[in-house]
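K.L.:
Take the sequence shown: its position 133, counted from the start at 1, is 226 in the numbering used here, and no numbers get skipped. Even glycine gets a Cβ: it sits at the ideal position worked out from N, Cα and C. Below is one structure. I have some questions about it.
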Amino acid sequence: MADYINIRGQSIEVVASDPANPTQGQIWYNTTSNTLKGGGVTTAGAWATGNSMNTVKQEMGGAGTQTAGLAFGGYTIPPATNTTATEEYDGNSWTNSNSMNTARRTLAGAGTQTAALGFGGYTTAITGATEEYDGNSWSSGNNMITSRRQLAGAGLQTAALAFGGGNLPITAATEEYDGNSWTSGNNLNTARQVLGGCGTQTAGLAFGGETTVRTGATEEYDGISWASNPTGLNTVRSYLTGAGIQTAALAFGGETPPATTATEEYDGSTWTTSPGSLNTARYQLGGIGTQTSALAFGGSNGATTFGATEEWTGAGSPLTVTITAS
94 MADYINIRGQ SIEVVASDPA NPTQGQIWYN TTSNTLKGGG VTTAGAWATG
144 NSMNTVKQEM GGAGTQTAGL AFGGYTIPPA TNTTATEEYD GNSWTNSNSM
194 NTARRTLAGA GTQTAALGFG GYTTAITGAT EEYDGNSWSS GNNMITSRRQ
244 LAGAGLQTAA LAFGGGNLPI TAATEEYDGN SWTSGNNLNT ARQVLGGCGT
294 QTAGLAFGGE TTVRTGATEE YDGISWASNP TGLNTVRSYL TGAGIQTAAL
344 AFGGETPPAT TATEEYDGST WTTSPGSLNT ARYQLGGIGT QTSALAFGGS
394 NGATTFGATE EWTGAGSPLT VTITAS
């Protein structure tokens, strides 16, 4: 029988530890574990449990990626209070950072771990307060035009998008931030609060939430106006969150009711329910990252507030497999 070297015309790489970023089809022999291994890809997305937040809370803002995440503000129970707490995630654990200037909950976030934006929310009243994070501390920026809570955000610190939210009544207002001040954009087609959002200032995505009832409505923003997609979420829900971009988004968690683990993927046209659900059913959670590498943290199921963190690995992501004889 021909051996591998005769078939492939090359030798198998011998290493003491697995490659950090193997490519699909790559083969190597690990001398530490005495196993033959190869690089593959995942066939279905799944959530894996990570280390919990230091401050157990819900209704917080978030920014960044799965390996460089940021969580800020929110509501702790107990004690039942708004918080200024800020934490950074490095792909393994959360570390406390300097606090926000204004304690608040139901705010929105945008940007990265070293250049984040927190805006809107509720202190002892609905607020339009805006703060910028530089990777170390928060500084106050110019307020939003429309003060609101339970809104969604997208984009970067210097090019952010704020949309929807509660302002007694619920609002469809959209605003754009240029790193200094907010300007009004065209309204959402469906006014709503406690919705999910992701994307950029010129390619934003809004989904789910509440009008006078829960909705699965999905809208796309092109930097000027919102267009409604006749295909909404498969699981109609509010208090959900999301990650990714307009053509490759992820929606997860929320309340139907009750709290749900449902995860859906959006391809720019249609939502598809994933077989990989959150391990902890919850709403009012934080969500950041991409469609293939997202982070879920905090939240509540109505009875318990969580600090639980979960990491999403989407279908098609790199995977190391051990090769055995058949």
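Name, in chain order, the residues that DSSP records as bridge partners for Lys130.
P.N.:
Its beta-bridge partners are Trp121, Thr415.
K.L.:
By the DSSP assignment, the beta strand (DSSP E) with Asn282 in it spans what residues?
P.N.:
Run containing Asn282: none; DSSP gives neither H nor E here.
K.L.:
When the Cα atoms are used, what is the spatial distance from Pro115 to Ala109?
P.N.:
Straight-line Cα distance between these residues: approximately 14 Å.
K.L.:
Quick test of your reading: Thr334 and Leu378, contact by CB under 8 Å. State the CB separation rounded to the nearest angstrom.
P.N.:
About 6 Å separates the two Cβ atoms, so the contact holds.
K.L.:
Kindly provide the ranges of any alpha helix (DSSP H) runs that are 4 or more residues long and lie completely inside the stretch 245–310, ordered along the chain.
P.N.:
The qualifying runs do not exist here; there are none.
K.L.:
I'd like to confirm the pairing. Which residues does DSSP put opposite Thr241 in its beta bridges?
P.N.:
Just to set this straight, residue 241 is Arg in the shown sequence, not Thr. None, per the DSSP bridge assignment.
K.L.:
Does DSSP put Leu200 in a helix, a strand or coil?
P.N.:
Here Leu200 sits in coil by DSSP.
K.L.:
Hey, Thr354 and Val149: beta-carbon distance below 8 Å or not?
P.N.:
No, the Cβ-Cβ distance between Thr354 and Val149 is not below 8 Å.
K.L.:
Give a yes or no on whether the C-beta atoms belonging to Ala141 and Gly155 are separated by under 8 Å.
P.N.:
Their beta carbons are not under 8 Å apart, which means Ala141 does not touch Gly155 by this criterion.
K.L.:
What are the partner residues of Ala141, as DSSP defines its beta bridges?
P.N.:
The partner list for Ala141 (beta bridge, DSSP) reads Glu404.
K.L.:
Within a Cβ cutoff of 7 Å, which residues of the same chain sit near Met193, ignoring the five residues on either side of it in sequence?
P.N.:
Closer than 7 Å at the Cβ level, and outside the excluded window around Met193, lie Phe165, Gly166, Thr177, Thr179, Gly211, Glu224, Trp231.
K.L.:
Suppose the cutoff is 8 Å on Cβ atoms and the five residues either side in sequence are ignored; what does the same chain contact list for Ile98 look like?
P.N.:
Caution is warranted here: a pLDDT of 46 is assigned to Ile98, below 50, making its placement in the model unreliable, and the coordinate value is therefore given only provisionally. Same-chain partners within the cutoff: Ser104, Ile105.
K.L.:
Given Leu281, which residues of its chain have a CB within under 7 Å of its CB, disregarding the five upstream and five downstream residues?
P.N.:
Here the set comprises Phe256, Gly257, Ala265, Thr267, Ala299, Glu312, Trp319.
K.L.:
Tell me the residue span of the beta strand (DSSP E) that contains Glu358.
P.N.:
From DSSP, the beta strand (DSSP E) with Glu358 extends over 356–359.
K.L.:
Which first and last residues belong to the beta strand (DSSP E) in which Thr188 is found?
P.N.:
Here the beta strand (DSSP E) through Thr188 covers 187–190.
K.L.:
If you draw a straight line from the C-alpha of Gly246 to the C-alpha of Ala203, how long is it?
P.N.:
Whole-angstrom Cα-Cα distance: 6 Å.
K.L.:
For a test of the three-state rule: what should DSSP assign to Gln151, helix, strand or coil?
P.N.:
Note: Gln151 maps to strand in three-state DSSP.
K.L.:
Exposed or buried, Thr283, counting other C-beta atoms within 10 Å across all chains shown (16 or more means buried)?
P.N.:
That one is buried.
K.L.:
Nearest CA to the CA of Thr365: which residue from Val134, Thr169, Gly138?
P.N.:
Comparing Cα-Cα distances from Thr365 to each of Val134, Thr169, Gly138, the minimum goes to Gly138.
K.L.:
Rounded to the nearest angstrom, what separates Gly292 and Asn127 at their Cα positions?
P.N.:
Looking at the two C-alpha atoms, the distance is approximately 44 Å.
K.L.:
Verify whether the separation of the beta carbon atoms of Ala344 and Asp360 is less than 8 Å.
P.N.:
No; because the gap between Cβ atoms is not below 8 Å, this pair is not in contact.
K.L.:
Under 8 Å Cβ to Cβ from Asn279, same chain only, skipping five residues before and after it: list those, please.
P.N.:
Contacts found: Thr267, Ile317, Ser318, Trp319.
K.L.:
Check whether the Cβ atoms of Met153 and Gly391 sit closer than 8 Å, and answer yes or no.
P.N.:
Yes.
K.L.:
Span of the beta strand (DSSP E) holding Phe345?
P.N.:
Counting along the chain, the beta strand (DSSP E) containing Phe345 begins and ends at 341–345.
K.L.:
Thinking C-beta only, is Arg197 closer than 8 Å to Thr169?
P.N.:
Going by C-beta atoms, Thr169 is not nearer than 8 Å to Arg197.
K.L.:
Could you pull the DSSP bridge partners for Ser104 from this structure?
P.N.:
DSSP, once it has assigned bridges, lists no residue as partnering Ser104.
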